[in-house]
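Peer 1: First, the structure itself, so that you have it in front of you.
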Amino acid sequence: MIRNIFFLLVLFVVGYAQAQMDKSVLTDIESIEQQVLDWRRYFHQNPELSNREFNTAKKIESHLRSLGMEVQTGIAKTGVVGILKGDMPGKVVALRADIDGLPVTERNDLPFKSEVKSTFLNTETGVMHACGHDTHIAILMGVADVLSKNKDKIRGTVKFIFQPAEEGPPPGEEGGAKLMIKEGVLKNPDVDAIFGLHINSGTPVGTIKYKSGGTMAAVERFVVTVKGKQTHGSAPWSGVDPILISAKIIDGFQTIISRESPLVEEAAVITVGKITSGVRFNIIPESAEMIGTVRTLDPKMRELIMRRMNEMARDIAKAYGGEATIEWQNNTVITYNDPELTAQMLPTLQDIAGAENIITMKATTGGEDFSYFQEIVPGFYFFLGGMTPGNTTPYPHHTPDFMIDDSGLLLGVKVMTQISLDYLNAN
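All residue numbers for the sequence shown refer to my numbering, where the first residue is 1334 and numbers rise by one.
This is the structure we're talking about:
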């Protein structure tokens, strides 16, 4: 009995000391708020596409080197990793931020609006941080700054992973989390746990959303190639129209979701995002190509949907006199928050943001290649509020009008800093 009371007393004292330590660290965080905002706005104004984040990587590298860290560059083409060793021995925690922009032309009045132009899939396009990766970079650079000033409070090592190509590498290239893992980013030193966050335009500033277990979907990229027979537009009976066949296939795909998938168990989505065919208004072309994604949260549903898409594309094309094939590429697996790690770190989120501001969420059909890290080591991934409170019509991610209220970034720095310290101290 006396021994148990003594043990509880020790835990109380340690917890109190930890809380006192947190306050001193938060003072350092608050002192760099403007710097974090400046970084975010710089990256927003200067976005770069996946596997082409050359200037972004240089700026990150320069900052990490200025903090005296061991820095590794060129990982997965443009990835940057900083290693910060604490003054006390312990485990290794990794913090990850994605750094690529999207082929989206920005449409707003921000003074730091992107005017960058580039070429994507042979199409001229604007480039925009339309998913908030600019905020992720700035937050993690801020965390690196704070923790480098507090090495005496770190029991172990913090590995800062700035990852390129989260949105997917260009066709024919490797990239993203998969390639970083392949090139050893979770080794030397070996990572024990990994944390990541994502800004969210539909979640109010000051709040955090999370889910234990399966959180985001597995995503497959598909390319459907339809072969027909070219002919004059005035005589469709003398050819085979691949555009008509494509329309029928797209319609058929949606019945797999609405009529064959058990949606009461988990959500699933099939989206055709691009269709290309033809060169002239009065020519029925020879072929068509459709590109899209399948998003699933259940392995059995994933298998069913992919099998039926293969069958349906083939059979519908054949029924209209053509041919169709599908090529598949896995972009993400299910983003799975380790339940034990999630439960362990939840008190930190509640302490920093306030328990009333921590919201449990349902799984989403968005995909995230942070999931590949979670296949190797326990991971926890959560969503940070980026919407001005009271805004009832936030713009979705991946759209020209997407906008983030960056007054919420400081909470991201606080949580990522404290979650690192608390994990290392607890282990």
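Even for Gly, the Cβ is constructed at its ideal location relative to N, Cα and C.
The structure presented is a predicted model; accordingly, all values stated were derived computationally and were not measured.
Checking the sheet assignment: what are the DSSP bridge partners for M1461?
Peer 2: BP columns for M1461 point to L1435.
Peer 1: Compute the distance between the beta-carbons of L1519 and F1706, then report whether it is under 8 Å.
Peer 2: yes
Peer 1: Provide the residue span of the beta strand (DSSP E) that contains R1333, from first to last.
Peer 2: What the structure shows of the chain is the stretch from 1334 to 1760, and residue 1333 is not part of that stretch, so it cannot be assessed.
Peer 1: Counting along the chain, where does the beta strand (DSSP E) carrying G1546 start and finish?
Peer 2: Residues 1546 to 1560.
Peer 1: Roughly how many whole angstroms lie between the Cα atoms of A1759 and L1370?
Peer 2: C-alpha separation (whole angstroms): 31 Å.
Peer 1: What's the C-alpha gap between I1532 and G1465?
Peer 2: 6 Å
Peer 1: In chain order, what residues of the same chain lie with their CB nearer than 7 Å to the CB of F1376, ignoring the 5 residues before and after it?
Peer 2: T1389, H1462, D1467, I1470, A1471
Peer 1: Given this structure, state the Cα-to-Cα distance separating V1460 from D1433, to the nearest angstrom.
Peer 2: 10 Å
Peer 1: Taking 8 Å as the cut-off, does the region 1537 to 1554 touch the region 1695 to 1706 (at least 3 CB pairs, one atom from each stretch)?
Peer 2: Three or more pairs of CB atoms, one per stretch, sit closer than 8 Å, so the region 1695 to 1706 contacts the region 1537 to 1554.
Peer 1: Determine, using beta carbons only, whether I1494 and T1750 come nearer to each other than 8 Å.
Peer 2: Contact flag unset, no.
Peer 1: For K1511, which beta-bridge partners are listed by DSSP?
Peer 2: K1511 is not bridged to any residue.
Peer 1: Expressed to the nearest angstrom, what Euclidean distance is found between the alpha-carbon atoms of L1742 and E1381?
Peer 2: Spanning the two alpha carbons is a distance of roughly 21 Å.
Peer 1: Report yes if the CB atom of I1603 is closer than 8 Å to the CB atom of I1589, and no otherwise.
Peer 2: yes
Peer 1: If you count every other CB in all the chains shown that lies within 10 Å of the CB of D1485, and 16 or more means buried, which is it?
Peer 2: exposed
Peer 1: In whole angstroms, give me the CA-to-CA distance for K1356 and Q1368.
Peer 2: 20 Å
Peer 1: What separation, rounded to the nearest whole angstrom, lies between the Cα atoms of D1684 and L1530?
Peer 2: 17 Å
Peer 1: Which runs of the beta strand (DSSP E) at least 3 residues long sit entirely within the region 1650 to 1737? Give them in chain order.
Peer 2: 1656 to 1665, 1668 to 1670, 1691 to 1693, 1697 to 1700, 1712 to 1720, all fully within the region 1650 to 1737.
Peer 1: To the nearest angstrom, how far is it from the Cα of T1558 to the Cα of P1729?
Peer 2: 30 Å
Peer 1: Measuring CA to CA, which of A1688, T1726, Y1669 is closest to G1712?
Peer 2: The residue from A1688, T1726, Y1669 with its alpha-carbon nearest to that of G1712 is Y1669.
Peer 1: Identify the continuous beta strand (DSSP E) that holds A1580 and give its terminal residues.
Peer 2: Unbroken run through A1580 is the alpha helix (DSSP H), 1575 to 1588; no beta strand (DSSP E).
Peer 1: Please work out which residues of its chain come closer than 7 Å, Cβ to Cβ, to G1546, disregarding the five sequence neighbours upstream and downstream, and give them in chain order.
Peer 2: Y1669, N1670, P1672, listed in sequence order.
Peer 1: Please list the terminal residues of the continuous alpha helix (DSSP H) segment that includes I1487.
Peer 2: Where I1487 is concerned, there is no enclosing alpha helix (DSSP H), given that its DSSP letter is neither H nor E.
Peer 1: Roughly how many angstroms lie between the CA atoms of R1488 and M1402, to the nearest whole one?
Peer 2: Rounded to the nearest angstrom, the two C-alpha atoms are 16 Å apart.
Peer 1: May I ask you to list the residues that DSSP assigns as paired with G1412?
Peer 2: I1408
Peer 1: Taking buried to mean at least 16 other C-beta atoms within 10 Å of its own C-beta, is N1384 buried or exposed?
Peer 2: buried
Peer 1: Cβ of D1523 within 8 Å of Cβ of V1404?
Peer 2: no
Peer 1: On the DSSP bridge assignment, give the partners of A1526 in chain order.
Peer 2: DSSP lists V1426 as partners of A1526.
Peer 1: Can you tell which of D1734, P1733, S1594, Y1653 has its C-alpha closest to the C-alpha of M1639?
Peer 2: S1594
Peer 1: Residues in the same chain with beta-carbon distance under 6 Å from K1560, minus the five sequence neighbours each way, listed in chain order, please.
Peer 2: S1620, G1655, E1656
Peer 1: Select from P1733, S1753, I1649, G1723 the residue whose C-alpha is nearest the C-alpha of P1436.
Peer 2: P1733
Peer 1: If we ignore side chains and look at the alpha-carbon of each, how far apart do M1354 and S1399 end up?
Peer 2: Confidence at M1354 is low in this model, with a pLDDT of 39, below 50, so its placement is unreliable and no value can be given for it.
Peer 1: Using only alpha-carbon positions, find the residue among V1605, Q1563, T1540, L1682 that is nearest to F1555.
Peer 2: V1605
Peer 1: Under the three-state reduction of DSSP, which class applies to M1354: helix, strand or coil?
Peer 2: Unreliable placement is indicated for M1354, whose pLDDT of 39 sits below 50; the coordinate value is still reported in the next sentence. M1354: helix per DSSP, three-state reduction.
Peer 1: Work out the CA separation of K1633 and I1578 for me, nearest whole Å.
Peer 2: C-alpha of I1578 to C-alpha of K1633: approximately 28 Å in a straight line.
Peer 1: On the criterion of 16 or more Cβ atoms from any shown chain inside 10 Å, does Q1496 qualify as buried, or is it exposed?
Peer 2: buried
Peer 1: Report the option in G1718, V1491, K1651 whose CA atom is closest to the CA atom of T1540.
Peer 2: G1718
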